[in-house]
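Have a look at the structure below, then the notes.
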Amino acid sequence: MNVSDQTNPEPANRERAASEWYWSEDGINFHTRKWVRPEDLNANGTLFGGSLLRWIDEEAAIYAIIQLGNYRVVTKLISEINFESSALQGDLIEMGLTATHFGRTSLTMRAVVRNMITRKRILSIERLVFVSVDEDGTPIPHGYSAITYDRDRMPREHPRTDSVRLP
Ligand SMILES: CC(C)(COP(=O)(O)OP(=O)(O)OC[C@H]1O[C@@H](n2cnc3c(N)ncnc32)[C@H](O)[C@@H]1OP(=O)(O)O)[C@@H](O)C(=O)NCCC(=O)NCCS
81 MNVSDQTNPE PANRERAASE WYWSEDGINF HTRKWVRPED LNANGTLFGG SLLRWIDEEA
141 AIYAIIQLGN YRVVTKLISE INFESSALQG DLIEMGLTAT HFGRTSLTMR AVVRNMITRK
201 RILSIERLVF VSVDEDGTPI PHGYSAITYD RDRMPREHPR TDSVRLP
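See the structure below:
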């Protein structure tokens, strides 16, 4: 695979053969990777779904903070989760997210997780909804309507310290 293959997203096609491998899938780039450790396994000896959901929830929270410019984002909804394949101890998995809808106070994302070793998709989640809230937990408008690929919206106030040192 050459460099141009890595940078050019492939066209949307959710019915691809599992053996095919793409750097990007349906516009999703896979930035975060995890190594499946013994503590991430279920009684069957395969990746525990709860561990995976924890990782996705954290990844989505970070993505929402970057997109909405607010540290205070909370998970509102996770839609149907389709576990398509699994992973074994030592496997490497990669997670990808993309924003699919900017609401007034919410952000909706789509998630895909893949096994880098088997080259199979582990799961997809069509809708993860996060809501931007104030210090009382009340939804507040975020004011954004499109994805940023930069760090221009990074919050300048941290809930714990009330300030963030800027470079
Ligand atoms: C998130 C929370 C503040 C929203 O409160 P709410 O009373 O539903 O607020 P609203 O009705 O104003 O809705 C806020 C946004 O969520 C969206 N929303 C509400 N219910 C939804 C649902 N079931 N599915 C999708 N989006 C939903 C609304 O459309 C709205 O988005 P918009 O402003 O972009 O249009 C509240 O439900 C809450 O605190 N939930 C717990 C969050 C949490 O603790 N998460 C961690 C999991 S333990």
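If you count by the working numbering, then the sequence shown holds residues 81 to 247, one letter each, in order.
The C-beta atom is built at its ideal place from N, Cα and C for all residues, glycine as well.
Run of the alpha helix (DSSP H) containing residue i, from where it starts to where it stops
i, result
"Ala144", "Gly129 to Leu148"
Sequence-distant residues of its chain with Cβ nearer than 6 Å to residue i (five each side left out)
i, result
"Ser131", "Asp120"
"Asp214", "Ile220"
Assumed close pair residue i, residue j - CB separation to whole angstroms, cut-off 8 Å
i, j, result
"Phe128", "Met175", "Wrong, their Cβ atoms sit about 15 Å apart, outside the cutoff."
"Ile142", "Arg231", "Between Arg231 and Ile142 the Cβ distance is about 12 Å, and since that is not below 8 Å, they are no contact."
"Phe182", "Ala226", "7 Å"
"Arg233", "Gly149", "4 Å"
Start and end residues, beta strand (DSSP E) containing residue i
i, result
"Thr178", "Leu172 to Phe182"
"Ser204", "Lys200 to Ser212"
"Ser186", "Ser186 to Asn195"
"Arg113", "Ile108 to Trp115"
"Thr155", "Val153 to Ile158"
"Asn124", "Where Asn124 is concerned, there is no enclosing beta strand (DSSP E), given that its DSSP letter is neither H nor E."
"Ile161", "Ile161 to Phe163"
Cβ shell of residue i (< 7 Å), same chain only, five flanking positions each side left out
i, result
"Ile197", "Asp171 and Leu172"
"Ser159", "Ile205, Glu206 and Arg207"
Other residues of its chain near residue i: CB distance less than 8 Å, five sequence neighbours each side excluded
i, result
"Val116", "Leu127, Ala167, Leu168, Gln169, Gly170, Asp171, Leu172 and Ile173"
"Leu157", "Arg207, Leu208 and Val209"
Local Cβ density within 10 Å of residue i, reported as buried at 16 or more and exposed below that
i, result
"Leu208", "buried"
"Val154", "exposed"
"His222", "buried"
"Thr185", "buried"
"Glu139", "buried"
"Met42", "Since the first residue of the chain shown is 81 and the last is 247, residue 42 is not available in this structure."
"Arg194", "buried"
"Ala179", "buried"
"Ala191", "buried"
Ligand 3 heavy atom lying under 7 Å from the CB of residue i
i, result
"Thr185", "The ligand content of the structure shown is limited to ligand 1, which means ligand 3 is not among them."
Taking 8 Å as the cut-off, does the region 198-210 touch the region 160-169 (at least 3 CB pairs, one atom from each stretch)?
Enough Cβ pairs lie closer than 8 Å, so yes.
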